[in-house]
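Taken in sequence, the protein lines are chains A and B. The letter at position 27 of the first sequence is residue 27 when you use the working numbering, and the numbering goes up by one with no holes. If you want the working numbering, it's the 1-based position in the second sequence plus 281. Written out below as structure tokens is the structure these notes cover.
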Amino acid sequence: MRDFWRRFRRNKGAVVGLVILLLVVLLAVTAPWLYPASPWDMAGAPFSPPGEMGMLLGTDSLGRDVAAGIAHGARISLLVGAVSTAAALLVGVTLGAVAGYLGGFADDAVMRFTEFFQTIPSFVLAILLVAIFTPSIGSVVFAIAIVSWPPVARVVRAEFLSLRGREFVQAAEVLGKSRLSIVLTDILPNALSPIVVLSSLMVASAILLESALSFLGLGDPNLMTWGFLIGSGRSVIRLAWWMSVFPGIAIFLTVLALNLVGEGLSDALNPRLARQRGGAA
Amino acid sequence: MSLLRVEGLTVALPPGGDRPHAVEDVSFHVDAGEILCIVGESGSGKSISANAVMGLLPKGLPVRSGAIGFEGRDLLSLAPEAMRKLRGERLAMIFQEPMTALNPLMRVGDQIGEVLRVHGSGADAARRVPELLAAVNLPDPAAIARSHPFRLSGGQRQRVMIAMALALEPALLIADEPTTALDVTTQMQILRLIREIQSRRGMGVLFITHDFGVVAEIADRVAVMQRGRIVEQGPASEVLNRPQHPYTRALIAAVPHGAAEARATIATAPVLELRGVEKTYRRGGFFGARAVVRAVHDADFTLRRGETLGLVGESGSGKSTLARCVVKLVEPEQGTIAYHGTDLRPLSRAAWKPYRRRIQMVFQDPYASLNPRRTVGDTIAEGPVTHGEPRSKALERARELLRLVQLDPGAMNRYPHEFSGGQRQRIGIARALAMEPELLIADEPVSALDVSVQAQVLALLAEIRARLGLTMLFITHDLRVAAQICDRVAVMQRGAIVEQGPTSEVFAAPQHAYTRQLLDSIPGRGWTPPEL
Numbered sequence: 001m002r003d004f005w006r007r008f009r010r011n012k013g014a015v016v017g018l019v020i021l022l023l024v025v026l027l028a029v030t031a032p033w034l035y036p037a038s039p040w041d042m043a044g045a046p047f048s049p050p051g052e053m054g055m056l057l058g059t060d061s062l063g064r065d066v067a068a069g070i071a072h073g074a075r076i077s078l079l080v081g082a083v084s085t086a087a088a089l090l091v092g093v094t095l096g097a098v099a100g101y102l103g104g105f106a107d108d109a110v111m112r113f114t115e116f117f118q119t120i121p122s123f124v125l126a127i128l129l130v131a132i133f134t135p136s137i138g139s140v141v142f143a144i145a146i147v148s149w150p151p152v153a154r155v156v157r158a159e160f161l162s163l164r165g166r167e168f169v170q171a172a173e174v175l176g177k178s179r180l181s182i183v184l185t186d187i188l189p190n191a192l193s194p195i196v197v198l199s200s201l202m203v204a205s206a207i208l209l210e211s212a213l214s215f216l217g218l219g220d221p222n223l224m225t226w227g228f229l230i231g232s233g234r235s236v237i238r239l240a241w242w243m244s245v246f247p248g249i250a251i252f253l254t255v256l257a258l259n260l261v262g263e264g265l266s267d268a269l270n271p272r273l274a275r276q277r278g279g280a281a
Numbered sequence: 282m283s284l285l286r287v288e289g290l291t292v293a294l295p296p297g298g299d300r301p302h303a304v305e306d307v308s309f310h311v312d313a314g315e316i317l318c319i320v321g322e323s324g325s326g327k328s329i330s331a332n333a334v335m336g337l338l339p340k341g342l343p344v345r346s347g348a349i350g351f352e353g354r355d356l357l358s359l360a361p362e363a364m365r366k367l368r369g370e371r372l373a374m375i376f377q378e379p380m381t382a383l384n385p386l387m388r389v390g391d392q393i394g395e396v397l398r399v400h401g402s403g404a405d406a407a408r409r410v411p412e413l414l415a416a417v418n419l420p421d422p423a424a425i426a427r428s429h430p431f432r433l434s435g436g437q438r439q440r441v442m443i444a445m446a447l448a449l450e451p452a453l454l455i456a457d458e459p460t461t462a463l464d465v466t467t468q469m470q471i472l473r474l475i476r477e478i479q480s481r482r483g484m485g486v487l488f489i490t491h492d493f494g495v496v497a498e499i500a501d502r503v504a505v506m507q508r509g510r511i512v513e514q515g516p517a518s519e520v521l522n523r524p525q526h527p528y529t530r531a532l533i534a535a536v537p538h539g540a541a542e543a544r545a546t547i548a549t550a551p552v553l554e555l556r557g558v559e560k561t562y563r564r565g566g567f568f569g570a571r572a573v574v575r576a577v578h579d580a581d582f583t584l585r586r587g588e589t590l591g592l593v594g595e596s597g598s599g600k601s602t603l604a605r606c607v608v609k610l611v612e613p614e615q616g617t618i619a620y621h622g623t624d625l626r627p628l629s630r631a632a633w634k635p636y637r638r639r640i641q642m643v644f645q646d647p648y649a650s651l652n653p654r655r656t657v658g659d660t661i662a663e664g665p666v667t668h669g670e671p672r673s674k675a676l677e678r679a680r681e682l683l684r685l686v687q688l689d690p691g692a693m694n695r696y697p698h699e700f701s702g703g704q705r706q707r708i709g710i711a712r713a714l715a716m717e718p719e720l721l722i723a724d725e726p727v728s729a730l731d732v733s734v735q736a737q738v739l740a741l742l743a744e745i746r747a748r749l750g751l752t753m754l755f756i757t758h759d760l761r762v763a764a765q766i767c768d769r770v771a772v773m774q775r776g777a778i779v780e781q782g783p784t785s786e787v788f789a790a791p792q793h794a795y796t797r798q799l800l801d802s803i804p805g806r807g808w809t810p811p812e813l
């Protein structure tokens with residue numbers, strides 16, 4: 001574990017990313033204390049620029065506090081990112097494990113099913129799903145999970161295919177372990193590193209997807225989100241740039257941080273690859 | 282004057298290694314027309330010495346002191362440009378792994394031609410390439426020159442590598458374990474080829490190996506390395522037959538002697554009987570021709586209680602597939618695998634489970650056969666726990682087993698990567714023994730190990746077999762190992778058993794032509810290790 005941390009720290013970008021990410025999490029956790037009032041309430045005069053009337057990041061066209069919106073939006077963005085990634089992992093890992101471990105017909109069936117999802121443009125599918133199920137936080141999470149599991153299934157299948165032939169898995173077969181316990185205790189723990197790396201990137205893309213849906217007005221109408229803030233500020237961007245720019249920066253930093261952390265994790269979990277990359281530079 | 286003279290060479294290891302220097306104060310010389318073998322176990326620094334001569338040391342391993350003189354020039358002070366010119370032209374090297382040393386996208390002839398071109402004699406390529414391929418005894422050089430590497434066998438590729446190394450008629454050839462990845466019969470051909478070319482051209486050869494049999498076959502002089510130092514050096518006959526240094530003596534004592542002693546015939550009840558087992562792999566179809574490989578056929582044998590049967594053969598002979606058929610890791614299409622009279626072949630996964638306790642397996646690669654994320658104790662206890670034994674009892678037994686395989690019981694809570702290859706193989710054996718099996722299948726259990734460790738593991742297996750009365754199916758490609766441990770041997774070739782019988786009889790009077798060929802290919806057959 002200490003080794004892991006040492007290798008992670010060697011990637012400076014990853015440490016910066018982790019710090020940003022922790023700050024965003026801190027903001028999300030402390031939002032109810034920082035901004036106890038609902039972010040939907042009017043807090044000052046409409047169109048106040050940042051810094052005026054005690055509004056750190058200004059107010060929007062209805063006088064709502066942009067900073068409060070960002071703080072409360074962080075809760076939703078992180079929540080959607082985490083929950084939809086967890087759901088996508090559950091589906092993707094299960095299907096990938098079945099395909100990779102059993103091989104043969106099961107593999108063919110699962111992979112064709114996966115390709116079926118991959119051929120549909122994911123954003124269009126997400127819009128369609130949210131539109132059908134009426135916008136709510138549940139349907140947004142569901143839609144994001146549905147469009148993001150196929151890459152997980154493919155990665156997990158590839159890992160399982162290569163691990164299945166390894167001698168320690170054969171040894172487990174010879175010991176008479178059941179299939180389920182071989183998959184869970186022998187193969188899965190050794191396939192975790194790519195899954196961990198992939199999921200940090202999936203959280204980032206889930207946050208982007210959620211913002212894009214909210215921007216189009218397909219977010220949960222009762223929840224303040226970053227995408228909604230940008231969407232509502234869009235029509236007055238030449239009058240009041242701060243309404244769209246600050247939530248945009250919040251999304252940018254969070255997604256950047258997650259990508260940096262993902263790369264750091266990948267280096268820390270595959271030390272040999274990282275060293276090669278370092279050596280080539 | 283010597284062709285190559287290495288004096289007091291010291292190469293540093295990066296800090297944090299197990300010793301400060303990869304090689305320390307190493308001195309040796311190679312004269313024109315002689316073969317110097319550097320022998321040592323893995324990690325002894327023998328390849329580092331060779332790479333230092335070629336100027337191919339990785340950045341992390343700087344030369345601290347010493348001199349390397351070649352044809353009167355000091356190689357260490359040579360500019361990179363001059364060194365590059367020397368490499369290939371005067372100094373050539375062949376590597377261990379012929380499968381990866383050739384560019385897979387380039388025709389073999391072009392790759393050899395490239396060597397000529399780089400050193401400014403590309404105009405001759407068309408004439409020289411077939412000559413060179415003929416010189417390494419490849420049949421139909423013109424056709425070989427046109428083929429891509431994947432069409433060639435391992436032995437053929439190694440010949441191409443040698444042809445490439447010889448292209449510019451170097452004065453010194455460095456061969457780093459050139460036959461380790463090859464089958465015995467191919468190994469013998471390559472050794473003879475190197476010998477022949479060396480005497481024809483009067484080259485000096487620096488030959489790196491871990492195998493004393495190979496040394497006996499090829500060396501004029503020998504240098505023995507241990508932990509980065511040369512501990513003994515001298516003419517081959519001296520070092521092989523009258524070793525002085527304790528380490529050399531230990532290494533030579535560990536060499537399997539290859540002489541099969543007559544053993545009492547075992548006439549107990551059969552434990553395992555294979556009849557008519559066949560496994561065929563089919564590939565392709567759809568487009569192009571279907572490739573059909575008969576991995577196992579005509580391989581009947583009977584294994585009696587308390588007996589050790591050796592399955593010997595070269596890679597691809599089907600010996601591992603046959604062993605895996607017995608434990609259902611491979612499912613054969615037909616035949617019977619009778620264990621105490623019950624046919625195991627048609628049994629389902631669940632019906633097989635009780636037999637898992639009785640039949641266990643030890644795997645070849647100690648680095649791949651243990652789950653890297655599980656502690657040693659859990660690994661050993663896992664089998665009995667799966668079969669319903671309480672965990673505490675299984676762990677207690679694992680502790681005993683570690684003692685049995687001569688490991689410290691403190692190893693229980695550590696992970697496999699903290700152990701050496703030989704220790705891991707002991708853990709693998711303990712895991713198999715935890716089930717208290719009657720039949721142990723050992724699939725090349727010592728081929729990935731150094732010779733001294735190999736001797737320890739073999740001794741351990743022999744002792745455990747005697748103590749627990751195990752019946753053993755022992756798969757190996759090394760006839761010397763088979764001679765040492767097996768009561769009977771079955772020789773496999775292309776999926777079929779071509780000869781079987783008591784070890785001493787098969788070794789003394791082989792009936793099948795292939796068996797004779799295998800026996801003739803044992804490196805160092807003419808050398809009997811001295812009693813030490």
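Note that CB positions come from ideal geometry on N, CA and C, so glycine has one too. What you are looking at is a predicted structure, and each value in this text was computed from that prediction instead of being measured.
Under DSSP, the beta strand (DSSP E) around Q507/B begins and ends at which residues? The sequence position of residue 507/B within the second sequence is 226, counting from 1. Per DSSP, the continuous beta strand (DSSP E) segment holding Q507/B begins and ends at 502 to 507.
Under 7 angstroms Cβ-Cβ, which residues of chain A neighbour G664/B? Position 383 of the second sequence, counted from the start, is the residue given in the question as residue 664/B. Chain A residues near G664/B: L175.
Three-way DSSP call (helix, strand, coil) for Q798/B in this model: Counting from 1 along the second sequence, the entry for residue 798/B is found at position 517. Q798/B: helix per DSSP, three-state reduction.
At a cut of 8 angstroms, does the stretch 492 to 503 of chain B reach the stretch 306 to 318 of chain B through at least three beta carbon pairs? Short answer: they touch.
Might you give, ordered along the chain, the residues of its own chain that have their beta carbon closer than 7 angstroms to the beta carbon of T185/A, omitting 5 neighbours on each side? The residue given as residue 185/A occupies position 185 in the first sequence. Residues of the same chain with their beta carbon placed closer than 7 angstroms to that of T185/A are lacking, with the five preceding and five following residues left out of the count.
What is the DSSP secondary structure of S61/A, reduced to helix, strand or coil? Position 61 of the first sequence, counted from the start, is the residue given in the question as residue 61/A. Three-state result, S61/A: coil.
Beta carbon of K340/B: closer than 7 angstroms to some heavy atom of the ligand MN? With respect to the ligand MN, the structure offers nothing, as it holds no ligand at all.
Would you call the CB atoms of W33/A and M224/A closer than 8 angstroms? Taking the first residue of the first sequence as position 1, residue 33/A is located at position 33. Taking the first residue of the first sequence as position 1, residue 224/A is located at position 224. By the CB criterion at 8 angstroms, W33/A and M224/A fall outside the cutoff.
First and last residue of the uninterrupted alpha helix (DSSP H) at V762/B: The residue you call residue 762/B lines up with position 481 of the second sequence. Per DSSP, V762/B belongs to the alpha helix (DSSP H) from 760 to 766.
Closer than 8 angstroms, CB to CB, is D646/B near chain A or not? Against the second sequence, residue 646/B aligns to sequence position 365. Chain A contact via Cβ: present.
Please classify V814/B: does DSSP put it in a helix, a strand, or coil? Residue 814/B lies beyond the range of chain B shown here (282 to 813); nothing can be said about it.
Give the C-beta separation of G772/B and G594/B to the nearest angstrom, bearing in mind that I take them to be a contact with Cβ-Cβ under 8 angstroms. Here residue 772/B refers to the residue found at position 491 when the second sequence is read from its first residue. Here residue 594/B refers to the residue found at position 313 when the second sequence is read from its first residue. What sits at residue 772/B in the sequence shown is Val, not Gly. Between the beta-carbon of V772/B and that of G594/B there is about 6 angstroms, and that keeps the pair under the 8 angstroms contact cut.
With 7 angstroms as the limit, tell me which residues of the stretch 148 to 182 of chain A have their beta carbon closer than that to any beta carbon of chain B; keep them in chain order. So the list reads R166, E167, F168, Q170, A171, E173, V174, L175, G176, K177, given in the order they occur along the chain.
Could you tell me how far apart the beta carbons of L290/B and S330/B are, in whole angstroms, since I believe they sit closer than 8 angstroms? Against the second sequence, residue 290/B aligns to sequence position 9. Against the second sequence, residue 330/B aligns to sequence position 49. So it is a contact: roughly 7 angstroms between Cβ atoms.
Are the stretch 391 to 402 of chain B and the stretch 339 to 351 of chain B touching, with three or more C-beta to C-beta distances below 8 angstroms? With a cut-off of 8 angstroms on Cβ pairs, the stretch 391 to 402 of chain B is not in contact with the stretch 339 to 351 of chain B, counting fewer than three such pairs.
M364/B, enclosing alpha helix (DSSP H) - first and last residue: Position 83 of the second sequence, counted from the start, is the residue given in the question as residue 364/B. DSSP places M364/B inside the alpha helix (DSSP H), whose first and last residues are 361 to 370.
How many angstroms separate the CA atom of V608/B from the CA atom of F755/B? Here residue 608/B refers to the residue found at position 327 when the second sequence is read from its first residue. Here residue 755/B refers to the residue found at position 474 when the second sequence is read from its first residue. Taking the straight line joining both Cα atoms gives about 14 angstroms.
How close, in whole Å, do the beta carbons of V410/B and A424/B come, if the pair is a contact with beta carbons under 8 angstroms? By 1-based counting over the second sequence, the position of residue 410/B is 129. By 1-based counting over the second sequence, the position of residue 424/B is 143. Contact between V410/B and A424/B is ruled out by a C-beta separation of about 12 angstroms, above the 8 angstroms threshold.
Own chain, CB closer than 8 angstroms to H429/B, minus 5 neighbours either side, in chain order: Within the second sequence, residue 429/B is the residue found at index 148, counting from 1. Excluding the 5 residues flanking it on each side, H429/B has same chain C-beta neighbours closer than 8 angstroms at P385, L386, M387, R388, V389, in chain order.
To the nearest whole angstrom, what separates the beta carbons of F493/B and L532/B, a pair I think is in contact under 8 angstroms? The residue labelled residue 493/B in the question sits at position 212 within the second sequence. The residue labelled residue 532/B in the question sits at position 251 within the second sequence. Their Cβ separation, rounded to whole angstroms, is 7 angstroms, which keeps F493/B and L532/B in contact under 8 angstroms.
Do Q765/B and L739/B have their CB atoms nearer than 8 angstroms? The count along the second sequence starts at 1 and reaches residue 765/B at position 484. The count along the second sequence starts at 1 and reaches residue 739/B at position 458. Contact flag set, yes.
Please return the same chain residues whose Cβ sits closer than 7 angstroms to the Cβ of E378/B, not counting the five positions on each side in sequence. For this step, residue 378/B is matched to residue 97 along the second sequence. Within the same chain, E378/B has close Cβ partners A462.
Closest by C-alpha distance to Q706/B, when choosing among L683/B, I443/B, R508/B: What you label residue 706/B is simply residue 425 of the second sequence in a count that begins at 1. Residue nearest to Q706/B within the set L683/B, I443/B, R508/B is L683/B (criterion: CA-CA distance).
Please decide whether P189/A counts as near chain B, where near means a Cβ-Cβ distance under 8 angstroms. For the purposes of this step, residue 189/A is taken as the residue at position 189 of the first sequence. Closer than 8 angstroms to some Cβ of chain B, the Cβ of P189/A qualifies, so yes.
Report the CB separation of L603/B from L592/B in whole angstroms; it is logged as a contact under 8 angstroms. Counting from 1 along the second sequence, the entry for residue 603/B is found at position 322. Counting from 1 along the second sequence, the entry for residue 592/B is found at position 311. Indeed they touch by this definition, with Cβ atoms about 7 angstroms apart.
In whole angstroms, give me the CA-to-CA distance for G805/B and R166/A. The residue labelled residue 805/B in the question sits at position 524 within the second sequence. The residue labelled residue 166/A in the question sits at position 166 within the first sequence. One Cα belongs to G805/B, the other to R166/A, and the distance between them is close to 34 angstroms.
So with Cβ pairs under 8 angstroms, would you call D3/A a contact of chain B? Position 3 of the first sequence, counting from 1, holds the residue named residue 3/A. By this cut-off, D3/A is not an interface position.
Contacts that D186/A makes with chain B (C-beta to C-beta distance below 7 angstroms): By one-based count along the first sequence, residue 186/A stands at place 186. Within 7 angstroms Cβ-Cβ: N652.
Does any residue of chain B have a CB that is nearer than 8 angstroms to the CB of A268/A? By 1-based counting over the first sequence, the position of residue 268/A is 268. No - not a single Cβ of chain B is within 8 angstroms of the one on A268/A.
Extent of the continuous alpha helix (DSSP H) run through G72/A: Here residue 72/A is taken as the residue at index 72 of the first sequence, counted from 1. Before going on, a small fix: residue 72/A reads as His here, not Gly. That run of the alpha helix (DSSP H) goes 66 to 102.
Tell whether a beta-carbon distance below 8 angstroms holds between T529/B and E554/B. Translated into the one-based positions of the second sequence, residue 529/B becomes position 248. Translated into the one-based positions of the second sequence, residue 554/B becomes position 273. Their beta carbons are not under 8 angstroms apart, which means T529/B does not touch E554/B by this criterion.
Listed by chain order, chain A residues near V608/B by CB distance under 9 angstroms: Counting from 1 along the second sequence, the entry for residue 608/B is found at position 327. In chain order: Q170, E173, V174.
Is I778/B helix, strand or coil by DSSP? For the purposes of this step, residue 778/B is taken as the residue at position 497 of the second sequence. The answer is strand: DSSP assigns I778/B an E or B state.
CB contact below 8 angstroms: R695/B versus chain A: For this step, residue 695/B is matched to residue 414 along the second sequence. Not closer than 8 angstroms to any Cβ of chain A, the Cβ of R695/B fails to qualify, so no.
Going by alpha carbons, who is nearest to P537/B out of R476/B, V734/B, M753/B? Mapped onto the second sequence, residue 537/B falls at position 256. Checking every option, the nearest Cα to that of P537/B belongs to V734/B.
Pick helix, strand or coil for S226/B, following the three-state DSSP scheme. This structure cannot speak to residue 226/B, because chain B is shown only from 282 to 813.
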